[in-house]
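There are 2 protein chains.
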Amino acid sequence: MKVKVILTFLLLTTCFAVFSQEKHNTAVVEKGLIKVSVMYPYAEGKTFNVEYYETKHMPMVAGFLGSNLVKYTIEKGVASGIPNQPLPFMAIGTFYVKSLSDYQAAIGPNRDAIRADFPNYTNVTPVILVSEVVK
Amino acid sequence: MKVKVILTFLLLTTCFAVFSQEKHNTAVVEKGLIKVSVMYPYAEGKTFNVEYYETKHMPMVAGFLGSNLVKYTIEKGVASGIPNQPLPFMAIGTFYVKSLSDYQAAIGPNRDAIRADFPNYTNVTPVILVSEVVK
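Chains as they are written, first to last, in UniProt numbering: chain D, 1 to 135; chain H, 1 to 135.
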């Protein structure tokens, strides 16, 4: 009886651990993915509400992308890495997608809704970089 | 005897799976880390050798950072995400570190060596953004 309980416990733990591990593996492999980075330049008088961006804007856009979206990240600009130079960007939001054409097809019909949300968190026009993850 | 063998096998599998999972966890948790992004702007006549950057320059800089470095990434600019706008950056190299002051302390004494390597892969001066991973 005791042995059966131990066996069952170990089996469940193994399954759980292996399952969790697999989830992490898929999150780690980024090489070859396409990054779409939406970069908000800093300038005098420009503002950016990170909280709104994180809780409302990015989840909305992510929702348009479906299974093409592998993950998305948000970073908040802190400083320029070069002394006496201004902060280059206040914030950057990045979508890691498998296919650029699928990304464009998903964003196209929703572009107006996305742009209409800009004034809710910023008064600056973003720069967008499409790049490929090399490493 | 058979039960003991099964028990031992399951125990080893569990330990291995849990151990592997922990390794992946540390690679995935980025929130709160500091990103130092070295961004190479695109302009007419500017060049960038991704292969040299990936195989020589970035490993050299990474070597200066020690255990403060969690990971580093390289991306190659492909296009602007906005029609009729020029490519914003040819490439971006990013260091994910635990401490900005430790990063600065490690880079300081090696700044000349790092800059002396620039002409080996590019003729443009990078912009550097220090940011905090929000999500």
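Glycine is no exception: its CB is placed at the ideal position from the N, C-alpha and C atoms.
Within this structure, are the beta carbons of residue i and residue j separated by less than 9 Å?
i: F95/H; j: L65/H; result: yes
i: A106/H; j: N49/H; result: no
i: V38/H; j: G81/D; result: yes
i: Y53/D; j: K46/D; result: no
i: V124/D; j: M90/D; result: yes
i: Y121/D; j: I34/D; result: no
i: V70/D; j: E30/D; result: yes
Which residue's Cα is closest to the Cα of residue i: the options?
i: D112/H; options: V36/H, K56/H, V61/H and S37/H; result: V61/H
i: T73/H; options: G93/H, Y40/H, I107/H and V124/H; result: G93/H
i: S101/H; options: K31/H, E30/H and V36/H; result: V36/H
i: G63/D; options: Y42/D, P41/D, V97/D and A79/D; result: V97/D
i: A43/H; options: S131/H, G77/H, V134/H and N120/H; result: G77/H
i: H57/D; options: V133/D, V124/D, R115/D and N123/D; result: R115/D
i: V134/H; options: S99/D, I34/D and E51/D; result: E51/D
i: T55/H; options: S131/H, E132/H and D117/H; result: D117/H
Taking only beta-carbon atoms, is residue i less than 9 Å away from chain H?
i: residue 162/D; result: Nothing about residue 162/D can be read from this structure; chain D reaches only from 1 to 135.
i: K35/D; result: yes
i: A91/D; result: yes
i: L129/D; result: yes
i: P88/D; result: yes
Less than 9 Å between CB atoms is the rule here; does residue i satisfy it with respect to chain D?
i: P119/H; result: no
i: E30/H; result: yes
i: A105/H; result: no
i: V97/H; result: no
i: V124/H; result: no
Name the chain D residues whose beta carbon is nearer than 8 Å to that of residue i?
i: I114/H; result: Correct list: empty, because the minimum Cβ distance to chain D is about 12 Å.
i: E54/H; result: V134 and K135
Under 9 Å between beta-carbons, which chain H residues line up against residue i? List them in chain order, please.
i: E132/D; result: E75, K76, G77 and V78
i: F48/D; result: Those do not exist, as F48/D stays about 11 Å from chain H at its closest Cβ, beyond 9 Å.
Between residue i and chain A, is the shortest Cβ-Cβ distance under 9 Å, so that the two count as touching?
i: L69/H; result: No chain A appears in the structure shown, which is made up of the protein chains D and H.
Using a beta-carbon distance cut-off of less than 7 Å, what residues from the stretch 57-85 of chain D approach chain H?
-> T73, I74, E75, K76, G77, V78, A79, S80, G81 and I82
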